[in-house]
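Chemist: The structure follows.
Residue numbers (the numbering used here): 245 to 374.
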């Protein structure tokens, strides 16, 4: 049986870009059908999120507290959520999302690069060819 190569996306904004490896989940499949997409970045503490236009249900393994660099899908806002540090509701240094989010994968490289995203920046998400 042949395994699929990992799915990779590139997230770009005016000051930089990061790539991410996504797990094969129902939410990832719905998101990839919508790519490439362009959106407007919003910041919430040390988290960047933006609308995707994709509506999916919350998955059973959704989590609210995640590691920095987690690629999460906020089902309440149809948004990709990219935490890199504490949010306004975090306890200590944790990355606490607004509500439980579907976990899609992880960013490659240093998630702190997301600190260069400004509220209102244009964001582009596209598939990276393996």
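Even glycine gets a Cβ: it sits at the ideal position worked out from N, Cα and C.
1) Quick check: residue 331 and residue 290, are their CB atoms within less than 8 Å of each other?
2) Using the Cβ count rule (16 or more neighbours within 10 Å means buried), how would you classify residue 292?
3) So, is residue 341 buried or exposed, given that buried needs 16 or more other C-beta atoms within 10 angstroms?
4) Let's test the definition: count the other Cβ atoms within 10 Å of the Cβ of residue 333 and tell me whether it reaches 16, buried, or not, exposed.
5) For residue 316, verify whether its CB is less than 7 Å away from any heavy atom of the ligand FAD.
6) Let me confirm a value: residue 323 is counted as buried when at least 16 other C-beta atoms fall within 10 Å, else exposed. Which label applies?
7) Going by DSSP in three states, residue 324 sits in which element: helix, strand or coil?
8) Please name the residue, chosen from 252, 270, 275, 287, that lies closest to residue 363 on a Cα-to-Cα basis.
9) Around the Cβ of residue 349, are there at least 16 other Cβ atoms within 10 angstroms (buried) or fewer (exposed)?
10) Using CA atoms only, rank isn't needed, just tell me which of 310, 281, 285, 260 is closest to residue 347.
11) Three-state secondary structure (DSSP) at residue 360?
Modeler: The relevant details are as follows:
1) Here residue 331 refers to the residue found at position 87 when the chain shown is read from its first residue. Here residue 290 refers to the residue found at position 46 when the chain shown is read from its first residue. Yes, Cβ-Cβ distance for residue 331 and residue 290 is below 8 Å.
2) Residue numbering aside, residue 292 sits at position 48 when the chain shown is read from its first letter. Residue environment analysis places residue 292 among the buried positions, since at least 16 neighbouring C-beta atoms fall within 10 angstroms of its C-beta.
3) The residue you call residue 341 lines up with position 97 of the chain shown. Its Cβ being crowded by 16 or more others within 10 Å, residue 341 is buried.
4) Locating residue 333 in the chain shown gives position 89, where the first residue counts as 1. Classification for residue 333: exposed.
5) In the structure shown, the ligand FAD is absent, as is every other ligand, since no ligand is present at all.
6) In the chain shown, the residue the question calls residue 323 occupies position 79. Looking at its Cβ environment, which holds 16 or more other Cβ atoms inside 10 Å, residue 323 is buried.
7) As a first step, residue 324 is located in the chain shown; it is residue number 80 there, counting from the start. Three-state DSSP puts residue 324 in a strand.
8) Numbered from its first residue, the chain shown carries residue 363 at position 119. Out of 252, 270, 275, 287, the CA that lies nearest to the CA of residue 363 is found in 287.
9) To locate residue 349, count along the chain shown from 1; it is residue 105. Buried, by the Cβ-count rule.
10) Your numbering for residue 347 matches position 103 in the chain shown. Residue 310 is the option with its Cα nearest to residue 347.
11) Sequence index remark: in the chain shown, residue 360 carries index 116 (1-based). In this structure, residue 360 counts as helix in the three-state DSSP scheme.
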